[in-house]
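Novice: Pasting in a structure now, in structure tokens, and then I'll have a few things to ask.
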Amino acid sequence: VLYTTFEKEAETTGNERLLLTAAVAAAKVNIDKAYEVDKLVP
């Protein structure tokens, strides 16, 4: 949903698409346990 919204906003304003960032755990094992990465990345 966010990706699509960012795309539409860029088209509407003529600006570059926004980039969403997040501060997350550094260790891959923690990331795998804490986040559903496949649902975060288009």
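Just remember that our numbering sits 1291 ahead of the position in the sequence shown, which is counted from 1.
Heads up, the beta-carbon is just placed ideally off N, CA and C, and yes, glycines get one too.
#1: Looking only at its chain, what residues have a beta carbon closer than 8 Å to the beta carbon of L1293, apart from the 5 residues adjacent to it on each side?
#2: Any idea what DSSP makes of N1321, helix, strand or coil?
#3: Report yes if the C-beta distance between I1322 and V1315 is below 8 Å; otherwise report no.
Specialist: Walking through what the data contain:
#1: L1311
#2: helix
#3: yes
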